[in-house]
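S.K.: Got a structure for you, written out below as structure tokens; questions coming shortly.
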Amino acid sequence: MIPTLLVYGLVNSVILALYALGFSLTYGISGLANFAHGALYILSGFAAWNLIHHMGIPLLPAALLSVALTGMLGFVFYWVLLLRIRGIALAELVVTFSAGVAILEILTWQGFYGIRYSLPVFLRGGIEVGGVAVDYQRLLVLGTGVVLVILLWLFVHHTRIGLAFRAMAQNERTALSVGIESDWVGSLSLAMGAALAAVAALVVLPLGVMESTIGYEVLIYALAVAIVGGLESTVGMILGSFLIGFGQVAAARFIGAKWMVIVPLAAIVVVLAVRPSGILGRFKELEERV
Amino acid sequence: MSKASETILAVERVRKRFGGILAVFDVSFELKAGEFLGIIGPNGSGKTTLVNLITGFVKPDGGRVFFKGRDITSFMPYRIADMGIARTFQMVRLFYNLPAYKNIIIPLCSSRVRRLGAGRYGEKDDMAVDLLDDMGFERDSYVPYKTAGSLPHGYLKRLDLARAMALRPEVLILDELFSGMSLSEVASTLPLIEKFHEEGLSIIMIEHRLKELFRVVDRVLVLNFGRKIADGSPQEVMENEEVRKAYLGIEVEIL
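Line order of the protein sequences matches chains F and R. Numbering that gives the first Met the number 0 puts the first residue of the first sequence at 0, with every later residue one more than the last. Numbering that gives the first Met the number 0 puts the first residue of the second sequence at 0, with every later residue one more than the last.
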């Protein structure tokens, strides 16, 4: 029983981290909370499905194409919808949330729900880990999570654009005064966040059936992880994923499966009431301004 | 000396109102290439707003700013920086979570510096440490590698100067660089700025330490309540009756 909890808790936690990764990245760099994140997640799944079933493209190229398209959509999204309202947090929230709802409702209207919409797994079969049967797709989810976190760390710490990202995250005005184009960095951060949503979708969605409402769930999970861990902390994000991830699996095992849904929502309420900045978050900006 | 007659920066009747306060009203001036201009004025006279108007951080309600004959009035700050106008901030703004030298690598990676020809990303560490060494961050000490946020104020001011200089600017605007610096820090930084000037850099320096300022600048512009009340050589400005009135006796200290 314990090994089962550990393995499935781990898989569940990494799935949550994958949901949150792109959302946190965009927010961490440009302070932009992309409430269309969940919609972009499920949209990329349906994009891949269409590429496979209507255009006959094999799985792997279809997946890569879907990631690229979703990233581009995030980029265009910034220049078309967000450029004029940048910096007005409430307007950003309204615009990204509305865009997300629009995407999800169009998907529903077009009939994208039901058992026939599911993505194929990359690898069939499975193995046994410590007496627990795990399929290869879930192992792929684990691997993707670890690889993405390492790649992102390398990217942010060892490339020119990564340095510009960090500069922007720390002080937008100073970044501007050394010639960093804030809108360019902002749109790149949104594009990367969207592409990360797509990567998460393409490894996680094959575990189940696709439907547009998953977009709302993913947004709630991403928010829960970000709020619990602290909005500006990467370590906090991983910690938040593991707390909620294991909390969910434990709740399902000891209380009942329906409690899985309650865990992230309860976590949001408890954290906001007890420690609004999150476990590892700091309201640096506020301290500086006061 | 023929170069000295060329105008590099021209400000024409710029105007900015914040609510009911006229922060800057119809201020015009020209900066010649290679010139060292001081801007002084009592607190709240609009000096920092004028810098913000030139560098694009604040959009003027009226008037124009020209850099090398090109109208840059509506340009974003990063574009103005990219064209070659670098500034320091009165309230130092740095990347506090990064080591001091990384603060310099960021401008060294800008498209401006790459255009002017600079080493690859990996070689920039040395360039950054060289630049900091010039600013008094001893190369062989741990200081250049410390997190910017943990450095004392005087170092932060010089780090801010190094950050601006890393852009290889044509015009350098210093907004109260010396405020909060110790006398010995001022004494070691001033010769650096004079050296930049001798090497042909055009400099605008806003300063409350008038004694130091008057010693190094070619020309002084005086603001009071957002208006230009004097513009001339340090000698002319000191003798100006309106300036004396605005400063109410502080001129004794200058002389």
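Glycine included, C-beta positions come from ideal geometry on N, C-alpha and C.
Taking only beta carbons into account, state which residues of the stretch 141-162 of chain F come closer than 8 Å to chain R, listed in chain order.
M.R.: For the stretch 141-162 of chain F, the residues whose beta carbon sits under 8 Å from a beta carbon of chain R are, in order, THR158, ARG159 and LEU162.
S.K.: Write down the C-beta distance between F/ILE294 and F/ALA200 rounded to the nearest angstrom, noting that I regard them as a contact closer than 8 Å.
M.R.: Any answer about residue 294 of chain F is impossible in this case: the structure gives chain F only from 0 up to 289.
S.K.: Nearest CA to the CA of F/LEU31: which residue from F/ALA62, F/ILE84, F/GLY130 and F/THR69?
M.R.: Distances from the alpha-carbon of F/LEU31 to those of F/ALA62, F/ILE84, F/GLY130 and F/THR69 put F/ILE84 closest.
S.K.: Quick check on the DSSP output: the alpha helix (DSSP H) that includes F/THR107 runs from which residue to which?
M.R.: Run containing F/THR107: 88-108, per the alpha helix (DSSP H) assignment.
S.K.: Do R/LEU171 and R/PHE195 have their CB atoms nearer than 9 Å?
M.R.: Yes, they are a contact pair.
S.K.: Should the stretch 184-202 of chain F be regarded as contacting the stretch 97-105 of chain F, the criterion being three or more beta carbon pairs within less than 8 Å?
M.R.: no
S.K.: Going along chain R in order, which residues have a C-beta closer than 7 Å to the C-beta of F/VAL166?
M.R.: For clarity, residue 166 of chain F is Ala in the given sequence; the question names Val instead. Within 7 Å Cβ-Cβ: PHE94 and ILE105.
S.K.: Quick check on DSSP: helix, strand or coil for R/PRO41?
M.R.: In the structure shown, R/PRO41 falls within a coil segment according to DSSP collapsed to helix, strand and coil.
S.K.: Which residues of chain R have a Cβ atom closer than 7 Å to the Cβ of F/LEU9, listed in chain order?
M.R.: Residues of chain R passing the Cβ test: none, with the nearest at roughly 31 Å.
S.K.: Taking its Cβ as the centre, do 16 or more other Cβ atoms sit within 10 Å of R/ARG58, making it buried, or is it exposed?
M.R.: Here residue 58 of chain R is Lys; the residue named in the question, Arg, does not match the sequence. Exposed, by the Cβ-count rule.
S.K.: Just to confirm my understanding: we take R/PHE224, look at its own chain, exclude 5 residues before and 5 after, and list those with CB closer than 7 Å. What are they?
M.R.: SER44
S.K.: Tell me the rounded alpha-carbon separation between F/VAL267 and F/TYR220.
M.R.: Note on residue identity: the sequence assigns Ile, not Val, to residue 267 of chain F. About 10 Å.
S.K.: Check the Cβ of R/PRO76 against every Cβ in chain F and list those closer than 7 Å, keeping chain order.
M.R.: What R/PRO76 touches in chain F: LEU175 and SER176.
S.K.: For the alpha helix (DSSP H) containing R/PHE24, list its first residue and its last residue.
M.R.: In the DSSP assignment, R/PHE24 falls outside any alpha helix (DSSP H) and lies within the beta strand (DSSP E) extending over 20-31.
S.K.: Please classify R/ARG214: is it buried, with 16 or more other beta-carbons within 10 angstroms of its beta-carbon, or exposed?
M.R.: exposed
S.K.: For F/GLU180, return the contacting residues in chain R, with the cut-off set at a CB-CB distance below 7 Å.
M.R.: TYR77
S.K.: From F/VAL262 to F/ALA256, what distance separates their C-alpha atoms?
M.R.: 11 Å
S.K.: Please state whether DSSP places F/ARG288 in a helix, a strand or coil.
M.R.: Summary for F/ARG288: the model assigns pLDDT 33, below 50, so the residue's position carries little reliability; its value from the coordinates is reported in the next sentence. Judged by DSSP in its simplified three-state form, F/ARG288 adopts helix.
S.K.: Given a cut-off of 9 Å, decide if R/GLY55 and R/LEU12 are closer than it, judged by their beta-carbon atoms.
M.R.: Residue identity differs from the one stated: residue 12 of chain R is Arg in this sequence, not Leu. No.
S.K.: Thinking just about the alpha-carbon of each residue, which of R/THR146, R/THR48, R/LEU209 and R/ILE38 is nearest to the one in R/PHE17?
M.R.: Ranking R/THR146, R/THR48, R/LEU209 and R/ILE38 by CA distance to the CA of R/PHE17 puts R/THR48 first.
S.K.: In chain order, what residues of the stretch 153-184 of chain R put their CB closer than 9 Å to some CB of chain F?
M.R.: ASP159, ARG162, ALA163, ALA165 and LEU166
S.K.: Sorted by chain position, which residues of the same chain lie with C-beta nearer than 7 Å to R/VAL91's C-beta, five sequence neighbours on each side aside?
M.R.: LEU155, LYS156 and ASP159
S.K.: Would you say F/ARG83 reaches chain A, if we count a Cβ-Cβ gap shorter than 9 Å as a contact?
M.R.: Protein chains F and R are contained in the structure displayed, whereas chain A is not.
S.K.: Looking at the unbroken alpha helix (DSSP H) that takes in R/GLU34, where does it start and where does it end?
M.R.: Neither: R/GLU34 is in no alpha helix (DSSP H) and is coded neither H nor E.
S.K.: Against chain F, does R/ASP81 count as a neighbour if the rule is that its beta carbon must be under 9 Å from one of theirs?
M.R.: yes
S.K.: In terms of residues, what are the limits of the alpha helix (DSSP H) holding R/ALA165?
M.R.: 152-165
S.K.: Can you have a look at F/ARG137 and say buried or exposed, based on whether 16 or more other CB atoms are within 10 angstroms of its CB?
M.R.: With 16 or more other CB atoms across the displayed protein chains lying within 10 angstroms of its CB, F/ARG137 is buried.
S.K.: Below 7 Å CB to CB, which residues in the same chain sit around R/GLY135 once its five sequence neighbours on both sides are set aside?
M.R.: ARG157 and SER187.
S.K.: Relative to the C-alpha of R/ASP174, which candidate in R/GLY40, R/ARG86 and R/TYR100 has its C-alpha closest?
M.R.: R/ARG86
S.K.: Could you tell me which residues DSSP pairs with R/LYS210 in its beta bridges?
M.R.: Paired residue(s): none; R/LYS210 is not in a bridge.
S.K.: Given a threshold of 16 other Cβ atoms within 10 Å of its Cβ, counted over all protein chains shown, does F/TRP78 qualify as buried or as exposed?
M.R.: exposed
S.K.: Below 9 Å on C-beta distance, what does R/LEU97 contact in chain F?
M.R.: LEU162, ARG165, ALA166 and GLN169
S.K.: Would a check of beta-carbon distances place R/SER201 closer than 9 Å to chain F?
M.R.: no
S.K.: Near R/ARG63, which residues of its chain fall below 7 Å by C-beta distance, leaving aside the five closest residues on each side in sequence?
M.R.: GLU11, ASP70 and THR72
S.K.: Following the continuous beta strand (DSSP E) through R/VAL321, name the residue where it begins and the one where it ends.
M.R.: Here chain R comprises residues numbered 0 to 254, so residue 321 of chain R is not present and cannot be evaluated.
S.K.: Assuming F/ALA221 is part of the alpha helix (DSSP H), what are its boundary residues?
M.R.: 213-228
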